[in-house]
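J.:
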Amino acid sequence: MSSASRARPNRRVNSLANSERMSISRNSSRSRPKAIGYTDAYTFALRVAYLHHLLQPRRKTKQYIPAERKIISRKSVMIGELMQDFSLMKDTKTKFPHGFMSQLEKRLQGVLTGTERRPEYREPAVKRTFAEAYTALTEPGFRKRMDKERRVEDLVLIFYSNTTKSLQKGKAADDESWKSLVDRHVALFVRLISATLKDLDKDKDRPELMSRLSTLENKLLTNSQDLYVNSSTAPGGGHSIEVTAPVSYDVKDMPMAQVVGRIFGMSNSEVQTDIDLNKSIWTESAALSDLKSYQHCLNANTKRTLRSEDFDVDEGYQTWKRSEIPELSAMISEILQARPDLVKASGKNRALPPLPPLSMTTSGAEDQAYADLAKSIAITSPIDGGSGYNFEQPADMSSLSLEDDEPSKIFLEESTYTFIPTDTRAYYRTILTYAMTYDQIHAQADGADSQPLSKQSLELLTELCIRWRIPQISRLVLFLDVASQKFLDQEIGLDELDSAFEFIKNPPSPLETKRANTHTHSASLSSFDQSEWTIHDFALYRQTLTSLHDALLRDLYDLLQHCYEAKPPSPGPVLLILETHIKSDPLFSTSPGGYDTYVEQLIEGLKSKAAEVYREYLEAEVPQNQEEWEFFHVVQLGKSVVKLCERIQKRYRKNPEIMGVNPLTILVETMFPSFEDDANDLIQRILHVAHTNESEVPLQDGFDLYKELVEIRGIHHKVLPSRSFAFNIEDLLADFVWRWIRSADAKTVDLVDQAIKQDQFQVRSDNPDQVPSDDERHSVSIIDVFRLFNQMADQIFQLNWADTIQHAKFMTALSKSFGIGLARYCEVIEQKFSKEMDRLSPAQVAAASQTKQEKWMQLAKEAWNNKEKIEPFQFYPESFVKLNNIEYAVQQLDALEKIINVDACAELLAKNAPPVEKKRRTAKYVFTIKIVEGEDLKSCDPNGTSDPYVVLGDEYQKRLAKTRVVMRSLNPRWDESVDITVQGALNIIATIWDWDTFGDHDYVGRTSLKLDPAHFSDYMPREYWLNLDTQGRLLLRVSMEGERDDIQFYFGKAFRLLKRTERDMTRKITDKLSQYINSSLSHEALRGLLSRGISVASVTSLWKNRQSIAPTLTPQDVENALKPLFNYFDENFAIMKQTLTDASMIMVMTRLWKEVLIALESLLVPPLSDKPSTQRPLTQQEMDIVFKWLELLFEFFHARDEQTGEAMGVPADVLKSPKYHELATLNFFYFDSTDNLIRTSERMATATAHRA
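Following UniProt numbering, the numbering of the sequence shown begins with 1 at its first residue and continues without gaps.
So this is what it looks like as structure tokens:
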């Protein structure tokens, strides 16, 4: 050890720059302990270590003894030494179990009666010995003591004593042959004890006892450790014996002295020199004298020992004093055991008297006391071979006196000791300091886990406490005091300080020693009652806790100044020690206002550090030149602030507050207001520069800035709920959203057109062999359109716009764009669909290529046949996919409405939107015109009918709408609607045309109507019968809705547009099918069916007999008449089933079924009109055919499976519509007279009125 390590290191200076603000100074918080010189501490430590060596049991060495021809000298056992191992055992598991003596007596009786099963117990000499011992063992007094104490040594010793008496009987004084049998007989007795324990099954739970019994038996049998005469002789006939080695004065044989030398940096030679110079003084006699003086001081209540004044309560002092008396007795016994010659004994050859009781306190004569002690020890000389007794049981030494007269109290207080220093606490503290320093240095050098003290140092310090009579509580308090001083002087860190606290709370395991001393046992600080503490220890312990508390608070302050750094030091170890070891200690107390002052200073320090960190961020992220400022710089500055806050929040998520201070709250309170003010100024400046330069800040930059500012505002509101944000983010950045909406609105129509242009309108099926599902029956264009709409809405949602009113306005603007995009999609899709529906059939294409003469010949031929050939229309799958797209658009628009929450947006704007200033602008109105029907139109075809359709146009000759063509009707019904947006009064013109296959379409008539918003101010629908300029009239139903900037209006308008488009497309499909239906279910078809039985002969007979005979028709004939229609349906229904979705299929089939019912109704009754009809009633046969057709068509549309009976087509509840029931009812009233029908009608009306 270097010379530098011998001197106490300097205390560390305060690490805080602003330490003058701290109310507690670390350097002034502790008082200096009494200084003990280095040499003095070393000398006294060496003295104790040397004494420890002198009192150690002497080692045994073998010595060769030449053989003696005549006299063979044998050495008998010293039973006291053998029984030392048993006397040190204090655990109950090392004693005999209850009931053992009864079982042992039975075994002894077996030996005496010869029934013992082991052969070695059958020898006569053994039986005699055991009989002698049996009498002593069964003596009532001894038996009672054995049942109570159950100690092994008592039983063996009494057997040993009786064995010696038994074998010695009848022997001459010079006959020593019997002595060799003592060991053997005692070994047999020990073996019998072990066997008895095994019989009781108590050997497993007492392993230590069984082990020591086995060891004792082996030693006795092998006669080791000077127990027997070695039978193996040398060539000269000699033998070897074990003898006690003399005391060694070599430092190499003194481990504890070497430890002292290493701790104080002394070499072995230097230690050897000091021992050689003082070994005549540092003797066992001097140690005994020290103890005697200490005992006198204890009895005289001098200052050299603890006194009642050193304890808070007298009970504590009495407890300590009662524990000191047996301790001193044990220490005196230890010295006398090592040096029996120190005992002033008398009467060595007398019988062994019992040991004096522990409670002996009378002051007898000194010589008599030592004489009694000598008798108890019973030192055996090598000649007589007597045995000694165990020293481990401490005897009361209060009657011993090394002086003739009791010394005076003054003399005792002023006298000096050889091994005990004057101030034991100061010396112990000094040596402890050096020991801890040494162990700390060498533990770090070895790289092992650092412990406060090594095993060797603990042994030395324990020996010092024993010799100097330092209480264990003082030992622990002094240990913490030294560790605290080292921490204050920066010699140890937090981990070592924590280990020091753990050391006093959970001391290491007790050292392996044979000494029965309380200092050698582990005892934690908490195990001592407060009344057992000395006043000095109590005050020092509290002072130590206070000093550590103040120092740790300073360290915590210093650590928290770095909490905003990337990798700050953790305050956890400091807080752990403060909370676990200091604050939780009941003896620690602090001033009431101390923490408040500390917290204030800590808050101020953290605020200053947070401001400094923000300034660093500002300088790093924002350029100095204002012209270079961009939103990106504000975003980066905000991200830096947020990232730091998130890091601090994550770092302190488990313990957000430290000593009542929240680092995150302080950070937000300091940085956020500064950032908010700077961000507002930066944004205003950037927008002003962009406006001045007539440029625009990129939209994405604005969105990124908004997201960053919103995140910062969220943290602000969470941490600072009572403080508002510095500026309104939404008002400042709302223009970026409006710019984006205007840009998206301008691109919507183009994107819709591109989606339609790239679409092939095919069913999307991954596996052509499988029937596609409904989700696969719409094409990609409508998916792309609504993906566009959802992305537009998501862009607003992702902003998480905090101003709900502005958010509702954004969604209103987007809904208008959605309506424009859907209107464009419906327009283009309907145009494509109409083009596919209006295409020419192959026959029409061929007819178009005919010459004019050929066309006239074809018309003449058709007129002559009074029949127009109807060619079935074949549908494209693409047409049905377009209808599916419209249905999918309705579903997706409904889902989009729920996502946007249209009703909530409208309600919010209605409640909170400020009144809009009236501006002079042209109002817009939406007129919905429904072209219902025409009546008594002009006939334009040779067959006396027309094929009318209506074209709507405005006064500027702009075409607004066109209806479908109704074939061969002068009273057509269209039921088609169109929306017209106007800004003022507008005249519309309705022109009816007759559709012709060849040539130009014929003019039927024209009428007009003025759409004036003033006339529709009540927004009520009106009907107008408009007379045509030729003949007939047209029915229009007109309603008006004011177009307003309302999200519900835009969505409602889009829904109506989609449903109208879907309805018009469905009507076009059914119109194509209804042409063939009307042809198949016409009067001509009915007449053709009835005329099948007429031949030439029947015609001749007709002229002969004017009475006509109706042909006979079979049900098969009636069904065969519909086979062409069924075949046509099968072809088209197959395409529909493979292409249309289930919903669209039901919609088309329902509409088609309605056309079927209308066609059958037209066969039964004429159209409802106030004009007379030329249609004649049907006969009964014709009626039967019509209702048979109705039944066949119902079964065809219902398509019930023949095996399972499951309906595969249109559900029955759909087919059985009110029109179907009207036709079914018609069968009952068809042939009634007009009067009966009137009466039945009145009766039904009356019954209905009564039910109502």
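Idealized CB from N, CA, C, for every residue including glycine.
1) Counting along the chain, where does the beta strand (DSSP E) carrying K1010 start and finish?
2) Checking the sheet assignment: what are the DSSP bridge partners for A990?
3) In or out: N1078 buried (at least 16 other Cβ within 10 Å) or exposed?
4) Since T418 contacts R150 with CB under 8 Å, what's their CB separation in whole angstroms?
5) Run through the UniProt domain "MHD2" (1119 to 1241) for me and flag every whole alpha helix (DSSP H) of 4 or more residues, listed as ranges in chain order.
6) So, with DSSP's three-state summary, where would you put Y160?
7) Does the beta-carbon distance from I666 to L732 come in below 8 Å?
8) Restricting to Cα atoms, I'd like to know which of K292, W995 and D979 is closest to R1037.
9) Pick helix, strand or coil for R469, following the three-state DSSP scheme.
10) Please work out which residues of its chain come closer than 6 Å, Cβ to Cβ, to D1235, disregarding the five sequence neighbours upstream and downstream, and give them in chain order.
11) In terms of alpha-carbon separation, which member of T302, E565, T283 and K321 lies closest to Y50?
12) Could you tell me the distance, in whole angstroms, from the CA atom of I741 to the CA atom of F1016?
13) Please list, in chain order, all residues of the same chain as G1032 whose beta carbon is under 7 Å from its beta carbon, the five residues on each side excluded.
14) Would you say K321 and L298 are within 8 Å of each other, going by their C-beta atoms?
15) Are the beta-carbon atoms belonging to S779 and Q791 less than 8 Å from one another?
16) So V190 and L216 are in contact, right, with Cβ under 8 Å, and what is the actual spacing, rounded?
17) On the CB-based measure, 16 or more other CB atoms within 10 Å of its CB, does W1153 come out buried or exposed?
18) Between the alpha carbons of Q832 and T1225, how many angstroms are there, rounded?
19) Rounded to the nearest angstrom, what separates L464 and Y428 at their Cα positions?
20) On the criterion of 16 or more Cβ atoms from any shown chain inside 10 Å, does T94 qualify as buried, or is it exposed?
21) Look at the Cβ atom of P972, then the Cβ atom of P948, and state whether they are nearer than 8 Å.
22) Between the Cα of E878 and the Cα atoms of L188, T1139, F1228 and M1208, which residue gives the shortest distance?
23) Using the Cβ count rule (16 or more neighbours within 10 Å means buried), how would you classify E392?
24) DSSP three-state call for M1040: helix, strand or coil?
25) Determine the DSSP secondary structure at F977, reduced to helix, strand or coil.
26) Which residue comes first and which comes last in the alpha helix (DSSP H) that contains R107?
27) Below 7 Å CB to CB, which residues in the same chain sit around A690 once its five sequence neighbours on both sides are set aside?
28) Would you tell me roughly how many angstroms separate the C-alpha atoms of L892 and E628, rounded to the nearest one?
29) Using CA coordinates, which residue listed in L155, R685 and L699 is at the minimum distance from N693?
30) On the three-state DSSP scale, how would you describe R21?
31) Strictly by DSSP, which residues pair up with L1035?
32) DSSP state of T534, grouped into three classes?
33) Is R653 helix, strand or coil when you go by DSSP?
34) Buried or exposed for N1132, please, with buried defined as at least 16 other CB atoms from any protein chain shown within 10 angstroms of its CB.
35) Within 10 angstroms of its Cβ, does W533 collect 16 or more other Cβ (buried), or is it exposed?
36) What span of residues does the alpha helix (DSSP H) with L575 cover, start to end?
T.: Let's see:
1) D1002 to L1011
2) L952 and T1007
3) buried
4) Contact doesn't hold; Cβ gap of about 42 Å is too wide.
5) 1123 to 1139, 1142 to 1164, 1180 to 1198, 1212 to 1215 and 1218 to 1229
6) helix
7) no
8) D979
9) coil
10) none
11) T283
12) 33 Å
13) G934, E935, D936, L937, K938 and G1005
14) yes
15) no
16) 5 Å
17) buried
18) Checking the sequence shown, residue 832 turns out to be Lys, not Gln. Between K832 and T1225, the C-alpha separation is close to 42 Å.
19) 7 Å
20) buried
21) yes
22) T1139
23) Annotation note: pLDDT 38 at E392 (below 50); position unreliable, coordinate value reported separately. The residue is buried, with at least 16 neighbouring Cβ atoms inside 10 Å.
24) strand
25) Note that residue 977 is Ser in the sequence shown here, rather than Phe. Strand, per DSSP.
26) F100 to T113
27) E696 and V697
28) Sequence inspection shows Gln at residue 892; the Leu mentioned does not correspond to that position. Rounded to whole angstroms, Q892 to E628 spans 46 Å at the Cα level.
29) R685
30) Since pLDDT at R21 reaches only 37, below the 50 mark, its modelled position is unreliable, and the value read off the structure follows with that caveat. Correct three-state label for R21: helix.
31) E933 and W1025
32) strand
33) coil
34) buried
35) buried
36) G572 to L576
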